[in-house]
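Enquirer: Residue numbers (the numbering used here), protein chains in the order written: chain A, 27 to 139; chain B, 11 to 123. Backbone N, C-alpha and C fix where the C-beta goes; we use that ideal spot for every residue, glycine too. Keep in mind the model is a prediction, meaning the values are calculated, not measured. Starting off with a structure, shown below.
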């Protein structure tokens with residue numbers, strides 16, 4: 027089955043700086059890669075996603091890039107703000123026609139004032 | 011996106027008992043899934059709840075322990091059977107919308123004593 031690795035486990039950046047979180051996946055058949063933000067005590071929220079026929083997608087301060095050959099994808103947050111502090115999860119699906127998500131272990135993003 | 015509710019929001023149960031968690035969506039959806047999130051951990055897919063047929067379980071999860079019902083396109087239940095303290099987790103349902111997007115319910119926080 028699919029295996030998703032996520033790094034780093036904790037990331038501390040100064041407010042206003044950029045943050046990058048990286049994930050790799052194992053199943054070359056996976057074709058959908060979402061990112062979720064989870065604040066303490068709340069449900070995961072879908073913030074951006076990318077499909078395997080696209081190399082990059084942007085939505086305001088967040089962007090995701092995908093390298094299918096290397097089987098890795100990354101989340102980029104620019105101009106970080108205190109409200110960006112949360113746990114971020116990457117995920118993958120689509121391998122073998124399955125739609126369920128395989129998640130990475132998560133990155134705790136801390137924005138330092 | 012669809013409005014997803016879960017009942018109960020939390021419960022404390024004795025070992026050896028069973029708890030049924032309900033997931034209700036305000037519109038018809040094709041795909042419904044159940045995930046588990048152990049304290050401080052990532053999300054793990056338990057099963058895909060198929061309408062009109064048996065659920066599809068992931069490796070490590072079995073129907074006798076986690077029976078699932080999906081009587082229609084807006085409702086599903088997950089039962090955690092013969093509980094032990096290791097079953098203490100947050101249980102989340104998610105629904106598939108659009109091409110691949112999944113949105114999560116608020117979760118059920120289960121503590122087993």
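1. Between the beta-carbon of residue 73/A and the beta-carbon of residue 90/A, is there less than 7 Å?
2. In chain order, what residues of the region 91-113 of chain B put their CB closer than 7 Å to some CB of chain A?
3. Tell me whether residue 68/B sits in a helix, a strand or coil according to DSSP, three-state version.
4. Strictly below 8 Å CB to CB, what residues from chain B border residue 72/A?
5. Where does residue 28/A fall in DSSP's three states?
6. Could you check the C-alpha separation between residue 66/B and residue 96/B for me, to the nearest Å?
7. From the DSSP secondary-structure annotation, give me the bridge partner or partners of residue 47/B.
8. What residues are listed by DSSP as bridge partners for residue 106/B?
9. Compare the C-alpha of residue 45/A against each of 87/A, 62/A, 30/A and name the closest.
10. Just to make sure I have the definition right: I need the residues of chain B whose C-beta is within less than 7 Å of the C-beta of residue 58/A. Which are they?
11. Please state whether the Cβ-Cβ distance between residue 83/A and residue 50/A is less than 7 Å.
12. If you measure beta-carbon to beta-carbon, which residues of the region 35-46 of chain B are closer than 7 Å to chain A?
13. Suppose the cutoff is 8 Å on Cβ atoms and the five residues either side in sequence are ignored; what does the same chain contact list for residue 17/B look like?
14. Spatial neighbours of residue 15/B within its chain, please: CB distance less than 6 Å, with the 5 preceding and 5 following residues excluded, ordered by chain position.
15. Indicate whether at least one CB of chain B lies closer than 7 Å to the CB of residue 42/A.
16. So residue 117/B contacts chain E; which residues on that side make the cut at Cβ distance below 8 Å?
17. What residues from the region 59-93 of chain B come within 9 Å of chain A, judged by C-beta to C-beta, listed N to C?
18. Buried or exposed, going by whether 16 or more other CB atoms sit within 10 Å of the CB of residue 122/B?
19. With DSSP collapsed to three states, give me the class of residue 82/A.
20. Measuring only the C-alpha atoms, how far is residue 101/B from residue 89/B?
21. In whole angstroms, give me the CA-to-CA distance for residue 127/A and residue 87/B.
22. Distance, Cα to Cα, residue 37/A vs residue 113/A?
23. Does the Cβ-Cβ distance between residue 48/B and residue 99/B come in under 7 Å?
Expert: In terms of the structure at hand:
1. no
2. 102, 106, 110, 111, 112, 113
3. coil
4. 111, 112, 113
5. coil
6. 22 Å
7. 53/B, 100/B
8. 41/B, 112/B
9. 87/A
10. 110
11. no
12. 41, 43
13. 31, 32, 34, 118
14. 34
15. no
16. The chain labelled as chain E is not found among the protein chains of the depicted structure, namely A and B.
17. 66, 68, 69
18. buried
19. strand
20. 10 Å
21. 19 Å
22. 10 Å
23. yes
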